[in-house]
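J.:
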Amino acid sequence: MDFVVFVLKKLVSAVVQPIGISSVLVVAGVIVWKLKHWSRAGAFLIVAGSGLLLVLSLPITSYLLLYGLEAQAGSYQDPDFLKSNGVQYIVVLGGIGSTDELTPADKSGDSIYRVLEGVRLWHGVPGSRLVLSGMGTPVSSNDPESMKSFPMYLGVEPDALTVYANARDTEDEAEFVSAFLGDSTFALVSSAYHIPRAMKQFRNRGLNAIASPCGFKAKTPPQLYRSFLPEGSALLGSELAIHEYLGQLWIGLRSLVSRI
Numbered sequence: 001m002d003f004v005v006f007v008l009k010k011l012v013s014a015v016v017q018p019i020g021i022s023s024v025l026v027v028a029g030v031i032v033w034k035l036k037h038w039s040r041a042g043a044f045l046i047v048a049g050s051g052l053l054l055v056l057s058l059p060i061t062s063y064l065l066l067y068g069l070e071a072q073a074g075s076y077q078d079p080d081f082l083k084s085n086g087v088q089y090i091v092v093l094g095g096i097g098s099t100d101e102l103t104p105a106d107k108s109g110d111s112i113y114r115v116l117e118g119v120r121l122w123h124g125v126p127g128s129r130l131v132l133s134g135m136g137t138p139v140s141s142n143d144p145e146s147m148k149s150f151p152m153y154l155g156v157e158p159d160a161l162t163v164y165a166n167a168r169d170t171e172d173e174a175e176f177v178s179a180f181l182g183d184s185t186f187a188l189v190s191s192a193y194h195i196p197r198a199m200k201q202f203r204n205r206g207l208n209a210i211a212s213p214c215g216f217k218a219k220t221p222p223q224l225y226r227s228f229l230p231e232g233s234a235l236l237g238s239e240l241a242i243h244e245y246l247g248q249l250w251i252g253l254r255s256l257v258s259r260i
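256 is the number that UniProt numbering gives to position 256 of the sequence shown; each next residue is one higher, with no gaps.
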């Protein structure tokens, strides 16, 4: 049942993403256009789908969407602050993990930034433990040893590493951390755009997480001459942000339903 819910969530998420919803609007518009003999409704749907994709491909749109998330995340965490709060665990979400032969340089930029930030905090908090959580899929799993290799290369001692290799999503990661750390206070490391949603999910489980964002994408606005020129990277940024906003909406709806 959990697997079915997971797949449905991913399907819905894909459909309501910019490319998904724009494609639905354009295809629906073409169908209506043909069936209704060049109707205005069909033309409107085609223009709406194309226009939506265009707007979400603008760097200024991507920046504003991501900034709204990253402004909630705070700034890079200070190891001295973590030490003063008794933190002994550095939890990194969505860390590097793979069963293939890719090197760290080949992998997701977000994962690299998260692990680097986790290692930085680990070095700044003597005696702490670095906890890595990697994203598996329904048909494949991550190799715990490959997940350890990069932080070990950066100087983390093997006996200071704990790996959870097969989380499917942030909810799985929160469940693992809840079982592993209980009421311990820990630093929660993730991309700045992801931290607001992650903190909500972890706090909903009563966990004592301290937000430790990294990999900021909206620190500075795009240059004026680029702000209104469509870019593929801007579309990707818009998709990341929309995914997070929808995730926060889902958390809010679940919380509301649970109180009814």
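Glycine included, each C-beta is placed from N, C-alpha and C at the ideal position.
State the CB to CB distance for the pair F186 and N208, rounded to an integer number of angstroms; the pair is presumed to be in contact (CB under 8 Å).
T.: 7 Å
J.: Give the DSSP-derived three-state secondary structure of R168 in the structure shown.
T.: coil
J.: Taking the alpha helix (DSSP H) that L188 falls in, what are its first and last residues?
T.: Where L188 is concerned, there is no enclosing alpha helix (DSSP H), although the beta strand (DSSP E) it sits in stretches over 185–191.
J.: Is P79 near L52, with beta carbons less than 8 Å apart?
T.: no
J.: Can you look up T137 in the DSSP assignment and give me helix, strand or coil?
T.: For T137, the predicted model reports a pLDDT of 49, less than 50, meaning its position is unreliable and no value from the coordinates is stated.
J.: Taking contact to mean 3 or more Cβ pairs, one atom from each stretch, closer than 8 Å, check whether the region 205–222 and the region 59–69 are in contact.
T.: Inter-segment contact for the region 205–222 and the region 59–69 is present: three or more beta-carbon pairs are separated by less than 8 Å.
J.: Check the C-beta distance from G42 over to V30 and give it rounded, since I have them as a contact under 8 Å.
T.: 7 Å
J.: Going straight from the alpha carbon of G68 to that of D169, what length do you get?
T.: Roughly 22 Å separates the two Cα atoms.
J.: May I ask you to report which of helix, strand or coil DSSP gives R205?
T.: coil
J.: Exposed or buried, which one is F228 when buried takes at least 16 other CB atoms within 10 Å?
T.: exposed
J.: In three-state terms, what does DSSP make of Q248?
T.: helix
J.: What's the gap between the Cα of D100 and the Cα of M147?
T.: Low confidence applies to D100: its pLDDT is 49, below 50, so where it sits in the model is not reliable, and the reading given next is rough at best. The straight-line gap from Cα to Cα measures roughly 11 Å.
J.: Find the nearest neighbour of L25 within the set H37, I260, K34, S50, judged by alpha-carbon distance.
T.: S50
J.: Whose C-beta lies closer than 6 Å to the C-beta of W250 among residues of the same chain, with five residues either side of it excluded?
T.: none
J.: Report the rounded CA-to-CA distance for V257 versus Q248, giving the unit in angstroms.
T.: 14 Å
J.: Pair every Cβ in the region 151–159 with every Cβ in the region 72–88, then say whether three or more of these pairs are closer than 8 Å.
T.: no
J.: Based on Cα-Cα distance, which residue from H243, S133, A48 lies nearest to V115?
T.: S133
J.: Quick test of your reading: A174 and Q201, contact by CB under 8 Å. State the CB separation rounded to the nearest angstrom.
T.: Rounded to the nearest angstrom, the Cβ distance from A174 to Q201 is 5 Å, consistent with a contact under 8 Å.
J.: What are the boundary residues of the alpha helix (DSSP H) that includes H194?
T.: Secondary structure note for H194: it is in no alpha helix (DSSP H), with a DSSP letter that is neither H nor E.
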